[in-house]
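Working notes, structure below.
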Amino acid sequence: MKGCPSCGSVDKHGSGGPFTTGRELVEFVYNAHEGTIRDKLIEGGGYETVCQGCGAAFTMKTHVSRCPECGGVHAIAPIHKSAEHIQFAGKGVVIE
Ligand SMILES: [Zn+2]
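Take the position in the sequence shown, starting the count at 1, then add 235; the result is the number in my numbering.
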């Protein structure tokens, strides 16, 4: 059981959670709430960002988004409200 990305609680859920970084955060958001968080639209239309793998500009519209150029997986936990909290899974990492 992993932490809740909406409330940020990790006390009840053990390790992992919305304050981790990199691939751990991406996998956390991807799997959170049986996968219903990852396809949820980000409030306000999403975040303009730059791929942390290849540098291409794109817009994150859902909480887990792929770079249109290289397919790099990025994620942001819903409790965070700015693009600086976007985490990158790593080059060549495919999240299933
Ligand atoms: Zn990219």
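Don't be surprised by glycine CBs; every beta carbon is placed ideally from N, CA and C.
Own chain residues within Cβ distance below 7 Å of residue i, not counting five before or after
i	result
G290	none
T255	F263
Burial state of residue i (16 or more Cβ within 10 Å)
i	result
V329	exposed
V317	It should be noted that the sequence gives Ser, not Val, for residue 317. Result: exposed.
P303	exposed
A324	buried
Same chain, Cβ closer than 6 Å to residue i, neighbours up to 5 away in sequence not counted
i	result
G281	T294, M295, K296
Near ligand 1: residue i beta-carbon under 6 Å from a heavy atom
i	result
G280	no
E304	yes
A310	no
C286	yes
C239	no
G307	yes
A337	Only positions 236 to 331 of the chain appear in the structure, and residue 337 is not among them; the question remains open.
Inter-stretch contact at 8 Å, needing at least 3 Cβ pairs: the segment 307-321 / the segment 264-283: Three or more beta-carbon pairs separated by less than 8 Å link the segment 307-321 to the segment 264-283, which places the two stretches in contact.
Segments of 3+ residues assigned as beta strand (DSSP E) that fall wholly inside the segment 276-306: Annotation: the segment 276-306 contains the following complete segments of the beta strand (DSSP E) (minimum length 3 residues), in chain order: 282-285, 292-295, 299-301.
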